[in-house]
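Notes follow once the structure below has been shown.
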Amino acid sequence: MDVAKRKALIVGGTGLIGNQLLQLLLQSEAYESVIVLIRKPLAINHPKLIQKVVDFDDLDNGEQMFGVDDVFCCLGTTIKKAGSKEAFLKVDFDYPLQVAQLAKENGATQFLIVTAMGADRHSRVFYSRVKGEIEEALKRVKFPSLHIFHPSLLLGKRNEFRFGEKVAEIISPILSPLLRGKLSKYKPIQAKDVAQAMVRIATDNRKGEFVYEWKQMMSDGSVK
Ligand SMILES: NC(=O)c1ccc[n+]([C@@H]2O[C@H](COP(=O)([O-])OP(=O)(O)OC[C@H]3O[C@@H](n4cnc5c(N)ncnc54)[C@H](OP(=O)(O)O)[C@@H]3O)[C@@H](O)[C@H]2O)c1
Numbered sequence: 025m026d027v028a029k030r031k032a033l034i035v036g037g038t039g040l041i042g043n044q045l046l047q048l049l050l051q052s053e054a055y056e057s058v059i060v061l062i063r064k065p066l067a068i069n070h071p072k073l074i075q076k077v078v079d080f081d082d083l084d085n086g087e088q089m090f091g092v093d094d095v096f097c098c099l100g101t102t103i104k105k106a107g108s109k110e111a112f113l114k115v116d117f118d119y120p121l122q123v124a125q126l127a128k129e130n131g132a133t134q135f136l137i138v139t140a141m142g143a144d145r146h147s148r149v150f151y152s153r154v155k156g157e158i159e160e161a162l163k164r165v166k167f168p169s170l171h172i173f174h175p176s177l178l179l180g181k182r183n184e185f186r187f188g189e190k191v192a193e194i195i196s197p198i199l200s201p202l203l204r205g206k207l208s209k210y211k212p213i214q215a216k217d218v219a220q221a222m223v224r225i226a227t228d229n230r231k232g233e234f235v236y237e238w239k240q241m242m243s244d245g246s247v248k
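All the letters of the sequence shown, read from the start, carry residue numbers 25 to 248 under the numbering used here.
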């Protein structure tokens with residue numbers, strides 16, 4: 025396919041990673057249009073941007089929304105913010121899976137998702153287990169290309185206070201240089217670096233299932 029004519033869809037485009045990703049995709053010459061599914065309209069205009077305000081509990085199977093090449097999923101919440109495990113599951117499992125299925129039916133060939141370091145469907149930790157379960161469910165959708173991103177703690181400016189991220193921001197300059205070799209996957213990472221890796225990897229357009237930890241996200245393109 026002509027790389028100059030790719031169409032992207034983003035879910036979670038208002039979040040810490042998603043917002044950076046949206047800006048990068050709009051700037052990228054590889055994409056002719058960027059559809060963003062959102063709950064409330066964004067205060068930005070761009071000739072390539074198509075905003076679709078949707079109810080994630082009632083998504084239409086429309087080519088207008090899902091007729092794209094690449095889907096970028098940065099959806100996520102916390103149990104505290106969602107209010108219950110059930111509500112968390114909706115955002116971190118049900119919505120990503122439904123978006124994936126609708127996009128696949130409409131011809132999408134690449135799915136890129138941010139889950140988390142430690143994602144494991146056998147984990148005793150609910151958060152890590154859900155992240156692992158969505159990864160397994162997405163593998164069953166069988167996209168030609170499935171790219172899974174495993175950040176440790178995210179760094180970047182957000183409007184709400186999150187204790188873990190604040191601590192990471194403070195200790196990161198001391199801790200990060202000590203986390204070498206196999207421990208590098210624990211390094212906190214800037215949301216912008218995750219977003220940049222997603223765009224770089226999407227435009228590489230390689231086939232298969234891939235998982236990216238800190239080292240691969242921060243590499244200059246030689247993805248293993
Ligand atoms: N925070 C960390 O340190 C960390 C570490 C590792 C992995 N992760 C994972 O990385 C991913 C991205 O994280 P992030 O910090 O960039 O996310 P974020 O800033 O919390 O943004 C979450 C996105 O999900 C959307 N969303 C949340 N609840 C929703 C709902 N009920 N219905 C529809 N959309 C909803 C938000 O939309 P609205 O603007 O409409 O709310 C927003 O676009 C998440 O899956 C997260 O679990 C995070």
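Where is the CB? At the ideal position from N, CA and C, for every residue including glycine.
- For ASP93 against ALA124, the beta-carbon gap comes to about 14 Å, at or over 8 Å, which does not count as contact.
- In this chain, ALA67 is not harboured by any beta strand (DSSP E), its DSSP state being neither H nor E.
- In this structure VAL154 is in contact with ASP116, their Cβ atoms being roughly 5 Å apart against a cut-off of 8 Å.
- The shortest CA-to-CA distance from GLY232 to any of VAL191, VAL35, LEU170 is the one to LEU170.
- Taking the CA atoms as reference points, VAL149 sits about 13 Å from LEU113.
- Restricted to the stretch 84-161, the alpha helix (DSSP H) segments that are unbroken, complete and at least 4 residues in length are 87-90, 103-106, 109-113, 119-129, listed in chain order.
- Between the stretch 67-77 and the stretch 93-102, the count of C-beta pairs closer than 8 Å stays below three; the two stretches do not touch.
- Counting along the chain, VAL35 sits inside the beta strand (DSSP E) bounded by residues 30-35.
- SER200 sits in a helix when the DSSP states are folded into three classes.
- The Cβ atoms of LEU177 and ILE41 do not sit closer than 8 Å to each other.
- For LYS239, the uninterrupted alpha helix (DSSP H) run begins and ends at 238-241, by DSSP.
- Taking PRO168 as the centre and dropping the five residues before and after it, the same chain places the C-beta of THR133, LYS231 closer than 6 Å to its C-beta, in chain order.
- Nearest neighbour of LYS206 by Cα position, chosen from ALA219, GLU237, GLN122, turns out to be GLU237.
- In the DSSP annotation of this structure, the continuous segment of the alpha helix (DSSP H) that includes LYS216 starts and ends at 215-228.
- Within the same chain, Cβ atoms closer than 8 Å to the Cβ of SER200 are found at LYS211, PRO212, the five residues on either side in sequence being excluded.
- By the neighbour-count criterion, in which a residue is buried when 16 or more other Cβ atoms sit within 10 angstroms of its Cβ, ASN43 is buried.
- In the three-state reduction of the DSSP assignment, VAL77 falls in the strand class.
- Not one heavy atom of ligand 1 falls within 7 Å of the beta-carbon of VAL149.
- The beta carbon of ILE225 sits no closer than 7 Å to any heavy atom of ligand 1.
- Relative to the Cα of ALA106, the nearest Cα in the group ILE172, GLU87, TYR151, PHE135 belongs to TYR151.
- In the structure shown, GLU189 adopts helical secondary structure according to DSSP, grouped into three states.
- Rounded to the nearest angstrom, the gap between the Cα atoms of VAL165 and ASP217 is 27 Å.
- The alpha carbon of ASN183 has as its nearest neighbour, out of ALA32, LYS29, LYS31, GLY39, the alpha carbon of GLY39.
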